[in-house]
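Residues in the sequence shown are numbered consecutively from -6, following the numbering used here.
Where is the CB? At the ideal position from N, CA and C, for every residue including glycine.
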Amino acid sequence: MYRNMVTSRRFEEAIAKIYFEGKSPAFNMANGPIPGEMHLSDGQEPVAVGVCAHLTPEDVVTATHRPHHQAIAKGVDLDKMAAEIFGKKTGLSGGRGGHMHLFDDDVNFACSGIIAQGMGPAVGAALSRKMQGKPGVAVAFVGEGAVNQGGWHEAMNLAAVWNLPFICVVEDNGWGISVSKETASSIGSHADRAAAYGIPGKRIEGNDPYAIFEAAGEAIARARAGEGPSLLECETYRLAGHFMGDAEAYRPEGEKDALFEKDPIPKMRERLLADGAASDAELNTIEEESAARVDAAIRFARESDDAAPEDALTRVFAA
-6 MYRNMVTSRR FEEAIAKIYF EGKSPAFNMA NGPIPGEMHL SDGQEPVAVG
44 VCAHLTPEDV VTATHRPHHQ AIAKGVDLDK MAAEIFGKKT GLSGGRGGHM
94 HLFDDDVNFA CSGIIAQGMG PAVGAALSRK MQGKPGVAVA FVGEGAVNQG
144 GWHEAMNLAA VWNLPFICVV EDNGWGISVS KETASSIGSH ADRAAAYGIP
194 GKRIEGNDPY AIFEAAGEAI ARARAGEGPS LLECETYRLA GHFMGDAEAY
244 RPEGEKDALF EKDPIPKMRE RLLADGAASD AELNTIEEES AARVDAAIRF
294 ARESDDAAPE DALTRVFAA
């Protein structure tokens, strides 16, 4: 879990540095080696690793427009993921999807830029496994803002009606773009909404990978045992803006500084050392290996060929 958290953070630090190349003096998100919008997940790593530590490649994960930590925790190929973000033909989808539409069928991972879009496909995946008698569970990661979408409620209802091996994980970072949760939602904890569907719901406070791991383990074990869906809401912290270039003027003064003091990676490092679970040298090695792995992935992406314009319409359904 610590390795995946560190790899995710190093990967996003590299992406953040490269993203602005070629985008000055006049910012144009179409320019530079990484075109398009960019949503970073710095600070939200505990949710991804705490849940995905229980999953296997046959389990399905759908993620959000902020997907890098979840993709890395699920085992998505880092070289191909970097190349996809760079728009290269060696990417997961030949450079067509970009960072909000990563797809790796080797580990059953997908994500989407549409809010709550992953709910339906994940519930569908859970249904297919139940109907075909196949092993595996489906997990949909969503943000707290997605819970106010109609599609979220429709999917949750069907997952409960059909008693599916499905878990919805709500990443509550407190902000839906620039709108606070308390402004947009009539309920403090979305985990309480589970009662409306007759399923277990639990909120995990503190952005704690250990507590998330424990709660996710219980929910996933229930799903594997045929006991139906669960809803988890995990408090987490978005250390970056909603997107690269976000001025974050909506945040109350001092909020972000306070969040950096709760950065989950150094906190987990401290706990691993205090518990005697790892030595300082072992953790240093993990950090060095993660940095080297990220450097190799970025190098692979930079050195790969660009997606060919004439291939733009391949893999597209047409009449």
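Cutoff 8 Å; reference residue i; Cβ partners in own chain excluding five residues on either side
| i | result |
| --- | --- |
| P193 | A187, A212, R215, S223 and L224 |
| K174 | E137, G138, D165, G167 and W168 |
| L265 | Y(-5), A271 and L276 |
| D299 | G80, K81, K82 and G88 |
| S283 | R(-4), V(-1), T0 and R3 |
Close-in-space but distant-in-sequence residues of the same chain around residue i (CB under 7 Å, 5 per side omitted)
| i | result |
| --- | --- |
| H62 | S1, S34, Q37, E38 and A41 |
| G143 | none |
| A233 | L33 and D35 |
| S182 | R196 and E226 |
| E75 | Here the sequence assigns Ala to residue 75, which means Glu is not the residue at that position. Correct list, in chain order: A290, I291, F293 and A294. |
| A209 | G43, V44, H47 and L225 |
| A115 | V53, T55, A131, V132, A133 and F159 |
| A109 | V135, A139, Q142, G144 and W145 |
| P28 | M22 and G80 |
| L120 | W155 and L157 |
| A305 | none |
| A301 | K82 |
Identity of the residue in the options nearest residue i by Cα
| i | options | result |
| --- | --- | --- |
| A204 | V172, N(-3), L120 and V44 | V44 |
| A56 | A76, H92, I27 and E30 | H92 |
| P202 | A153, K255 and G80 | K255 |
| A177 | N141, P18, F206 and W145 | N141 |
| E296 | L48, V162, A251 and F79 | F79 |
| H58 | V(-1), F96 and A301 | F96 |
| R231 | F253, G221 and K67 | F253 |
| W145 | I107, F13 and D72 | I107 |
| A9 | A23, F20, D72 and M31 | M31 |
| G113 | A284, F20 and M149 | M149 |
| K123 | G221, N200 and E248 | G221 |
| I258 | E248, T229, G238 and A285 | T229 |
| G117 | W155, D99 and H94 | W155 |
| A189 | H235, A19, E147 and H94 | E147 |
| E103 | A267, P18, A251 and V69 | In the sequence as presented, Glu is not what sits at residue 103; that position holds Ala. Of A267, P18, A251 and V69, the residue nearest in Cα terms is V69. |
| K127 | N200, T307, G219 and D98 | G219 |
| G111 | V163, D250 and D239 | V163 |
Residue j beta carbon less than 8 Å from that of residue i
| i | j | result |
| --- | --- | --- |
| N(-3) | E51 | no |
| K81 | A289 | no |
| R217 | V130 | yes |
| A153 | G191 | yes |
| K73 | L48 | no |
| R286 | L71 | yes |
| V(-1) | I279 | yes |
6 Å CB neighbourhood of residue i in its chain, flanking five on each side removed
| i | result |
| --- | --- |
| Y243 | S171 |
| K16 | N24 and G25 |
| Q274 | Per the sequence shown, residue 274 should be read as Ala rather than Gln. Closer than 6 Å at the Cβ level, and outside the excluded window around A274, lies no residue. |
| M237 | Y12 and M31 |
| E198 | E228 |
| E14 | G25 and P26 |
| H235 | I170 |
Residues sharing a beta bridge with residue i, DSSP
| i | result |
| --- | --- |
| S223 | I160 |
| G194 | L224 |
| F102 | V54 and D97 |
| S173 | W168 |
| D288 | Note: D288 sits in no beta bridge, so no partner. |
| A131 | V53 and F159 |
| G138 | G138 pairs with nothing; no bridge assigned. |
| K81 | D299 |
Near the ligand GDP: residue i beta-carbon under 7 Å from a heavy atom
| i | result |
| --- | --- |
| S86 | Only the bare structure without any ligand can be found here, which leaves the ligand GDP out of the picture. |
Per the contact definition of three or more C-beta pairs closer than 8 Å, is the stretch -4 to 10 in contact with the stretch 61 to 75? The stretch 61 to 75 vs the stretch -4 to 10: in contact.
Decide if the stretch 83 to 90 is in contact with the stretch 134 to 148; the criterion is three or more beta carbon pairs, one per stretch, under 8 Å apart. Output reads no: the stretch 134 to 148 does not touch the stretch 83 to 90.
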